[in-house]
Every structure is written in structure tokens, then in C-alpha cells.
Amino acid sequence: MFVRLGNLSEAWYVFGKMQERDVFSWNVLIGGYAKKGFFDEAIELYGRMLWLGGAGVRPDVYTFPCVLRACGGLSHWDRGKEIHAHVLRYGFESDIDVLNSLITMYVKCGDVENGRVVFDGMCKRDRISWNAIISGYFENGECLEGLRLFFLMRECCFHPDLRTMTSVISACEVVGEESLGRAVHGYVAKMEYGADESVHNSLIQMYSSFGKWEDAEKVFDRIECKDVVSWTSMISGYNNNGLAEKAIETYKMMELEGVVPDEITIASVLSACASLGFLDIGVKLHELAEKTGLVRYLMVANALIDFYSKCMSIDKALEVFHQIPDKNVISWTSIILGLRINNRSFEALIYFRKMKISLNPNDVTLISVLSACARIGALMCGKEIHAHVLRSGLGLNGFLPNALLDMYVRCGRMVPAMNQFKTRKHDVAAWNILLTGHAQRGQGELAIELFDKMMGSKVNPDEITFIALLCSCSRSGMVTEGLQYFKSMKTEYSITPNLKHYACVVDLLGRAGKLDDAYEVIEKMPMKPDPPIWGALLNACRIHRRVDLGELAARQIFGMDNMSVGYYVLLCNLYSDSGKWDEVARLRKTMREMGLAIDPGCSWVEIKGTVHAFLSGDTFHPQIQEITAVLRGFYEKMKAAGYSDPEKSSIDEIEESKSEVFCGHSERLAVGFALINTAPGMPIWVTKNLYMCESCHDMIKFVSKVVRREISVRDTEHFHHFKEGICSCGDEGYGEYLENEIT
DNA sequence: AAGGGTGCCG
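With full-length UniProt numbering as the guide, the letters of the first sequence map in order to residues 1 to 743.
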């Protein structure tokens, strides 16, 4: 009685008082513990029964299933094997229930082979035997063998039940058997009792994973009593098919229906908010999770980190991260990636070091860290990860090889990049990474050569391929070629140009001085131009000092309620380059009133494997006195050689520019620091988060000549390679980059 | 028995 009431301690007490304990009383107790999930206790009791039970007490057809279930639940293979021996010793080798539970035990311990041996040895089998072995194969990843047995089951005239069908449906999903999945769906629809929620839920999941979200929707709509799993399956189905808006709509409907979300629902909806940048809805979900206590689930906290990061609220993400008591790999990976996305790659590397103390990074972690290394030119750190990848064998598939390739390309190391490229089969992304590398160096000819090679290798170009290609043409002034490729996108490769391609074309024409043509492209394009398109025009107007058209572009951008500082800076530079100082002052005032802060310039330089970061106007660096002295020395020499400062006042980095002597720009500081801390003659590699200014460009050119060192500065757009007083960009921001490999 | 959080190249 007490067992049935769930009061096990009371039952144990009564059991202890009993004078005579027969098999039945042992069974009741063992079964009670096993059913409640107290598997250790159940196994312990079974042991006592054998030792203390006395001559008359032997395990029977009821005892074995209970204790085997406990072994399966704990994945105690050794114990299970021992009990298998007991089954044979006590003569139950032909009892169907006992053998069925043996199959289940082996399967749960991950040993489907021994389960199969038991199954094959049975002289009679029932539906449960078939279910046990079939779902065993599915659970252990051998879906094909499971499906084979499923067909065999029907040949043997056993009718599968709903449980069988649920596993079969998820097996179809795993092996990607869409037509079989559809057939199973048809079969289920004709089943005697009709399908239940779990069958429908797995159908939703299966169709979603095939990208057939409309079919998933049909199944979902037909479910009469949708439970939390049905709703969540549909939400994540939309999510995985890139329909985050629909995912959020579905969640709202679920709320209206009064279904209570659980931790998985919250995580899925947060993921939808993250991809859409819906800060307010996500914040509400956060509040809900706090109120209901669901934040305690690691999955929810991790989803929150990702959500805040992608909504550019990295400080909130950090707050959530630091509140997690036991962070797992995903928590760390999410915060590292979040810092990377929010332009805080330097800190991302610091978090990676901290993480490694207690946890082993996985492939996704390494991809995120490599991406951070690529942003700040942390070559040594990237190489360290490369070594780790080779040691761990993680790098053979997935995104890791391309992440390594990207890291080498962005760090300017083309030789290891090409080695990385050559060692493996390349997909579109790999080609795109190399193309992007050429675009950054303004190597239009090389980009076209590479594109031809790519076409020769039967890899289909995608939309990103054309962005890289158009970019390369634009930076090299190859207008005709660029326009030709733009046209061929649709005609030859059936890729419809998107907003980004149009932005490239506007840039292509604009940079070449064909400003009116660029404007015409914008006017005639089939979709509504977005801020980056007008931004490309504005930038072209800045280069060619066309105030009227630039103002028109700026009005369009500001009319779209855009809060990005970059466009204000561009307009400001257009005014200052054109000598319109009143307008500059007016615009700066507006910016101050709007509370728009200009991103601080930041440069990084890696010395002996350590990345050093410099902010513009940095005065706190321990070696700042020395750095300033060195730079001042060069400045004096330059002036003596007849150099005069450029007239314009750039507000790219700091408002009160100290341009007369020493502008304090971060790339200068980084170069100065590297000069002091590396051996003479050694090359210097600097990475910067904004564009280089003209005065720094002049100065570094001069420095490269005086100290006879090669200096590379990679800014957001180009690689500048300074050697003997000449820059690879040809002082135009574009030009030939001389490949010069130093590792 | 069914649903889940992190990912390269504009």
C-alpha cells in the first residue's frame, strides 16, 4: 500500500518489520523504487534479496524487468550483464517479458549489439520486443538498420504502434529520408486509433528539418490539443527555416491559448529575437524567466547571452554570464562570440584564456575565437588554435578549416592561407574567403583570376562570391568588368542581386567618379534603398567632394531614423574636405545634442604572442613617454625633409585633434610601440578598427623608409603595406599589394 | 516516445 502511495520510506519501515519476506514483498519494494527513479536503491535491494532472501526467495519474471530497468536507467552495463547471467541461471531464458527488458537494458547502455543477440535468440517475440530493438538502433544512431528492422517487423505481421511510429519518424529525419517520412505520415494517418500528440510533434520536427515548414504547419494546425511541445516544435521549426517573425507570432498565439512556456520554449523564442534584433520582446522574456525561475536553466541563460549580444547589448550579456554559477562550454562560447560581434575581440581572447583553465573548448568555440583573432590580427593566438585543432583532430570537417583560412587571410599571411586552402576540398565559403582577401588588398585582377579558377572547379558561386568580386573591382577601379559581373549574376548564374550587391555597384561607380550614374542606379533599383546604399553614395561624394549629392544622400539616411555614427562622420568629412567649416561646426553640434559618440579608434599589435591594444589619445600606457618621444623624433625629421601637415581636420577618431604635432591616433601609437619593442629590421603588423587617416598614412610611409622596415597596417577596408617609403595602396586607398610573406 | 541554447565568407 505504501509503495502505491509513493511513500517509500514508510514502505521500507513496514518491510523491515515483516517476519517473513516472500518474493512478492521484495518485488513490490524493488519495483516501487525502480518506478520512482531510485535506481541505485532498486539495484541495492536486488542484491540484498539474493543474499538475505533465504532458500525460498528467488528472483522471478517480475523482479528481472524491475532491476534491469534500473540498470538501463543508470547505464550500468556491468551490472546488467551480471543480471543477464542470473536470468540464465534461474532459467528464464525463454520468458518474453524478461528478455524484452534485457534488450532495453542493453540498448540504454549503448550496447545495441548485445540487445540484438538477445532479440535474435528469442523463439517468440511480441510488439514490445520489436519496439525495443528498433528504437534501440535509432537511439544509438544506427537509423538504417532500425528502419530495416521496421520493415521486417511488418513482414512478420506485427503491427507497429504509436511508439514505434514516433521513433521511425525521427529516424527518417536523422537519415534525411524525406519520401519515406511522407509515406510513414500517410501510414500513421490511416492507423486505427489515430495518431497522438507525440507522433504529430515528431512529424512537425521532421518536416521542419527537411525545410518543408509548410508541411510542418499543416500538421501543427491539425493537432486538436496542442501541448507545450507542439508549440515549441513549431516555433523552432520556423526558427531553423529562417522565419523568426513567424516563430514570434506563434509564441504570441501560444500565450493567448494559455499554454505555459517551459525552458525550451523560452530559449527558442529568445533565439528568434536574437536573429531579428527584437530587444524589447527579449527583455520581456527575460523578465518572465526571472519571475518563473526558468533562468535557472543553463539553456535559458545561454540563450539570453546570445540574445543580448546580438542586440548589441553586450553589457547585459556579460551581466547574465557572470551570474551563472556553473557555466558550460556554450555559455563561454556565447560570450566570446558576443564580445567578437560587439567589436570587443581583444576581450574575447581574454575570456578564451580564462575559459581554458576549467573547460575544454569545442569546435564552435574555436571558430568564434579564430574570428576574434582575425579581427585584431592576433596571428600567434590563431596559430596556437591551429595547433590545437591539428592535435585534437577537430579540424577535418565543419567550419573550422574555413575559419582558419579566414584567420590567415585577414592576418595578411597568404602563404599559410594558401597551404590551408590547398590541403582540402574547397567549398564556396573557402573561395569566398580568398576572394575577400583580394578585395581587401585591392587586387582586382587577381580576384578575377581566382573567380575563373573557381568556375573551372565546378563550384557554384553564391551571392557572397559576387559581393567579394564586385568589391575587388570597385577597389581596383575596374568599372567595366564590375558592371559586367553584376549583369552576369542574373543571366548566367541566376542569382538575384540583393541590397548589398546594389551597394557594391553604387560604390563601384561612385569611387570611379561616376556619381550621377551611381545615383541613377539607386533611383532605378527594384527595391527600396537602405542606409548602406546611400552611404556608399555619400562616401563617393566625400572622395570626389560633391556636396549637393552628398547632402541628398545624407538626408535620405537620416530620414530612415538611423543612429549609426558612421554616416555623420562621413558627412562631416565631406564638409571639412570641401572647406565648409560652418557646416562642420553645425553638424558636430547636432551630433552632440543627439548624444552620438564617435567610436574610439583602436589598434592592435602582436608582439611575442601577446596582443597589445592602443586607444587613440591613449595616455595611460606604461611606455607612453617613450612612444611619444620616438614619434616626435620622426615628426621633426619629416618636417625637416619638407613635410607639411594635411590641411583637413578629420574627426574620425577624436574630437579635439592634436594634428599639429602628434594626432594621437592609435595606429601611430601601435607602430611606435612596435618600433621600441622589436628587433631592428623586423616587420611590423598592425590592425586597426577604423580607416587610416592621411596624416598617419604619410607618417608611416616616412617611418618605413627611415628605419628600413616593412610595416603593414590593416584597417577596416584595406591592407596597407609600407616599404621604403611607398604604400601598396598607391596612396589612393587602392592599388597593388606586393605579396611579401614573413612568418 | 516528442521540443532546445553557441558557428566561416558581404
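Note that beta-carbon positions come from the ideal geometry of N, C-alpha and C, so glycine has one too.
Own chain, CB closer than 8 Å to residue i, minus 5 neighbours either side, in chain order
i	result
residue 18	25
residue 74	39, 40, 43
residue 16	none
residue 140	107, 110, 112
residue 250	231, 234, 235, 238
residue 479	473, 508, 509, 512, 514
residue 313	279
Whole-angstrom C-beta distance between residue j and residue i, which should lie under 8 Å
i	j	result
residue 596	residue 568	6 Å
residue 106	residue 118	7 Å
residue 403	residue 371	7 Å
residue 329	residue 361	7 Å
residue 158	residue 130	6 Å
residue 324	residue 334	Contact doesn't hold; Cβ gap of about 10 Å is too wide.
residue 435	residue 447	6 Å
residue 289	residue 266	5 Å
residue 744	residue 368	Missing from the structure shown is residue 744; the chain here goes from 1 to 743 and no further.
Proximity of residue i and residue j at Cβ, strictly below 7 Å
i	j	result
residue 234	residue 204	yes
residue 442	residue 410	no
residue 601	residue 665	yes
residue 374	residue 432	no
residue 33	residue 58	no
residue 248	residue 274	no
residue 678	residue 714	no
residue 685	residue 477	no
residue 618	residue 574	no
residue 722	residue 711	yes
Continuous alpha helix (DSSP H) stretch holding residue i: start and end
i	result
residue 473	463 to 475
residue 523	515 to 524
residue 290	279 to 292
residue 42	39 to 52
residue 557	547 to 559
residue 207	197 to 209
residue 250	244 to 257
residue 705	694 to 706
residue 437	428 to 441
residue 729	That residue, residue 729, is in no alpha helix (DSSP H); it is neither H nor E in DSSP.
residue 236	228 to 240
residue 104	96 to 108
Proximal residues to residue i (C-beta, below 6 Å), its chain only, five neighbours per side dropped
i	result
residue 207	215, 216
residue 311	277, 279
residue 726	none
residue 162	196, 199
residue 650	Here the model assigns residue 650 a pLDDT of 48, short of 50, so the residue's position is not dependable, and the following value carries that caveat. Result list for residue 650: 693, in chain order.
residue 71	79, 80, 105
residue 406	374, 433
residue 507	474, 536
residue 491	none
Residue interval of the beta strand (DSSP E) (run including residue i)
i	result
residue 630	Careful: residue 630 lies outside any beta strand (DSSP E), inside the alpha helix (DSSP H) at 624 to 640.
residue 495	Segment: none, residue 495 is in no beta strand (DSSP E) and carries neither H nor E.
residue 719	719 to 723
residue 66	Unbroken run through residue 66 is the alpha helix (DSSP H), 63 to 74; no beta strand (DSSP E).
residue 610	610 to 615
residue 602	602 to 607
residue 688	684 to 688
residue 713	711 to 714
Reference residue i, options the options, closest by Cα
i	options	result
residue 599	341, 690, 523, 520	690
residue 348	638, 317, 680, 158	317
residue 67	319, 505, 675, 83	83
residue 471	496, 510, 495	510
residue 531	516, 550, 514	550
residue 461	12, 485, 62	485
residue 674	637, 623, 249	623
residue 224	201, 240, 243, 212	201
residue 518	533, 629, 386	533
residue 219	586, 245, 189, 240	189
Beta-carbon proximity list for residue i, same chain, < 7 Å, skipping 5 on both sides
i	result
residue 135	167
residue 270	282, 285, 303, 304, 307
residue 101	64, 65, 68, 69
residue 429	402
residue 705	724, 725
Any non-hydrogen atom of the ligand PLP within 6 Å of residue i CB
i	result
residue 449	No copy of the ligand PLP appears in this structure; indeed no ligand is present at all.
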